[in-house]
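Read the structure below first, then the notes.
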Amino acid sequence: MTITTCPKCNGRGQWPERPCARCSGRGRVEEQRTIAVEIPAGVPDGVQLRIPGRGLAGDAGAPAGDLYVGVRVRPDPRFARDGEDLLLELPISLADAALGTEVDVPTMDGASRLKIPAGVQSQTVLRLRGKGLPRFQGHGRGDLLVRVNLVTPTRLSAEERRLLEELRRLRRV
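Below is the structure:
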């Protein structure tokens, strides 16, 4: 709900000498209005955007004030946000951690290829530069930070158990 200048008396409150019937002499009327607001890319949660001239109508036909719109950003379930940087948790297997691999990881613009180096340790953070959010009121983008999480199998086939025991035997030498 907003207050706008009375269209009948143009905010004077009279038509022509008597109080205006539409606004009861106040010069302004309440009306429901929907406006489109452009939300800039990368806007942080809690920011208030100023929309000039779209607020309450001024007294006696004066220009309208500014409208302030509070922004609430809905979190993306895939990422945690730290400013313009995004954090992604990436589960990988023991074999992929030991041997290295390449995987597709989600970004805000679709999938990107990430090289996991051989011997990577759990909780290592790998960086994809420029794959985060656009900088709010600035240039460039943040980074996508990918935290590698080693997933240890809880069930092993007989063959997997045999191979892991063989690996353990070889590593003791």
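Per the numbering used here, the sequence shown starts with residue 4, numbered consecutively. Glycine included, every Cβ here is placed at the ideal spot set by N, Cα and C.
Asked, Found
"For a quick check, are the C-beta atoms of A67 and G30 less than 7 Å apart?", "no"
"Closest to P43 by C-alpha separation, out of V76, A60 and G61, would be which residue?", "V76"
"Determine, using beta-carbon pairs with one atom in the region 145 to 157 and one in the region 122 to 134, whether at least three such pairs fall under 8 Å.", "yes"
"Which value, in whole angstroms, describes the spacing of the CA atoms of D48 and E41?", "15 Å"
"Is the beta carbon of R116 closer than 7 Å to that of G133?", "no"
"On a Cα-Cα basis, can you pick out the residue from C26, L59 and I54 that is closest to T5?", "L59"
"Taking all protein chains shown into account, decide if V32 is buried (16 or more other Cβ within 10 angstroms of its Cβ) or exposed.", "buried"
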